[in-house]
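As structure tokens, the structure follows; a few thoughts come after it.
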Amino acid sequence: MPQQPRTLLDNIFLVIKGLCMGAANKVPGVSGGIVAFVGGFYEEFIYSLQKLNSKAVKLLFNGRFKSFYQYTNARFLGLLIFGMLVSYFSVSRILDYFLEHNELFVWATFFGMVMGSIYYIGKDFAHWNKKTVPAAFIGLVIGISISFLNPAKENDNLFFIFFCGIISVSGMTLPGLSGSFILILLGNYVLLLVDSVNALYDTFSEIFQGDFSFMQNAERIQILKILAVFTLGSATGLVTFSHLLSYVLKHYKHLTTAVLIGFITGSLGVLWPWKKTVFKLDGAGNPLLDSNGDKIILNYTRHLPQMAQAETWWAILFIVMGILLLLILEWYGNNRKDKQVRAAR
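Using UniProt numbering, read the sequence shown as starting at 1 and increasing by one per residue.
Below you can see the structure in the form of structure tokens.
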């Protein structure tokens, strides 16, 4: 896919999109891939990941850094990843705060944004036929089914951890599929996104203090080994999924888009605002906290809204705001494209 020259403003917006992807990927039920899809850079993201192949490795090891930089679209990926990393320490922390204090309204906003994204993706899709309609229905059924699965028990087998790593990056490559929610279903959300990350944080803190006693801690070493295998699986999944998706987008674009429209619609079941969060509890029945003081999520139970309650109507307002936010972003993107086209003339 040919690279398009970007202005400074384009690069700034790319970092902001990375911020949004990072925040979305961290929340169980939300997919960073939707951000990429709605943001208009999903295909470039997939095709750029596809370039992380054997040819890229040869260019790197042969010292042809400029060719490697251009071949892999490194500026694009670098700015996105930078935004995601910054998000983890900033935007996602703000998001955690609102999830703790205004959970219903946060989920309602996300629900509205995904509804808006469905409209955004579907409104210009004019290829409904006897193949794409069943494909969309299959995507819808899969999306709904995932939202009602029960979580498995925690499993620290390294082969299973590697598999979890492959699956966890699905939210970045498949719009509508939340990698963190899938980890909840696989039973390893706490182990891989809480315990392992906390262990890595503690290890770095001790190293900076000149304390290497963790090397004698068998439990810590085991968790770090689990994190390493999980990271390797994630990298493998990211490259593998990107190659697969780039192929289907190239050869079956309309069919793939139809499946994604159905799948994203089905994912609304995961984002249903009126649900109760189930936390991991200690022996006394109190919620366990991670190193940041956040309660550790195990799963969600859903219920119907109570229309007599004022907060229900506030939640509906936030759903509308989420839809409007997507429509405003769509309007801004189209207006900006029109200006660029006029300027090019």
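All C-beta atoms in this analysis are idealised placements derived from N, C-alpha and C, irrespective of residue type, glycine included.
Everything numeric in this text was worked out from a predicted model, so none of it was measured.
- Under a 10 Å Cβ-count criterion, Leu-327 is classified as exposed, with fewer than 16 other Cβ atoms of the shown protein chains found around its own Cβ.
- Per DSSP, the beta bridge partners of Leu-281 are Pro-287.
- For Thr-203, the enclosing alpha helix (DSSP H) covers residues 196–208.
- Judged by pairs of C-beta atoms under 8 Å, the region 110–128 touches the region 313–327, as three or more such pairs exist.
- Annotation note: the region 102–183 contains the following uninterrupted alpha helix (DSSP H) runs of length 4 or greater, listed N- to C-terminal: 103–122, 132–147, 158–168, 170–173.
- In this chain, the alpha helix (DSSP H) harbouring Ala-218 covers 218–251.
- Between Trp-274 and His-254, the CB-CB gap reaches or exceeds 8 Å.
- Separation of Met-84 and Glu-311 (C-alpha to C-alpha, rounded to the nearest whole angstrom) is 32 Å.
- Residue environment: Thr-301 is assigned as exposed (fewer than 16 neighbouring CB atoms within 10 Å of its CB, all protein chains considered).
- DSSP places Leu-49 in the uninterrupted alpha helix (DSSP H) bounded by 42–50.
- Here Asp-211 is exposed: its Cβ has fewer than 16 other Cβ atoms, across all protein chains shown, within 10 Å.
- With 16 or more other Cβ atoms inside 10 Å of its own Cβ, Gln-50 counts as buried.
- Lys-275 is bridged by DSSP to Arg-302.
- Residue nearest to Tyr-97 within the set Val-229, Leu-268, Ala-23, Val-239 is Ala-23 (criterion: CA-CA distance).
- By the CB criterion at 8 Å, Ile-226 and Leu-191 fall inside the cutoff.
- In the structure shown, the three-state DSSP call for Met-84 is helix.
- Ranked by Cα distance from Asp-195, the options Tyr-247, Lys-280, Leu-80 are led by Lys-280.
- Distance between Asn-62 and Val-239, taken at the CA atoms: about 21 Å.
- Contact holds between the region 258–273 and the region 129–147, because three or more Cβ pairs, one in each stretch, are under 8 Å apart.
- The alpha-carbon separation between Ala-56 and Phe-68 amounts to approximately 6 Å.
- By the beta-carbon neighbour count (other beta carbons within 10 angstroms, threshold 16), Gly-139 is buried.
- Annotation for Phe-61: the continuous alpha helix (DSSP H) segment containing it runs 54–61.
- As the crow flies, the alpha-carbon of Gln-306 is around 12 Å from that of Trp-314.
- DSSP places Ser-67 inside the alpha helix (DSSP H), whose first and last residues are 65–71.
- Secondary structure at Gly-187: coil, using DSSP grouped into helix, strand and coil.
- Phe-204 and Thr-236 have their alpha carbons spaced roughly 25 Å apart.
- In this structure, the alpha-carbon of Gly-18 lies about 33 Å from that of Pro-134.
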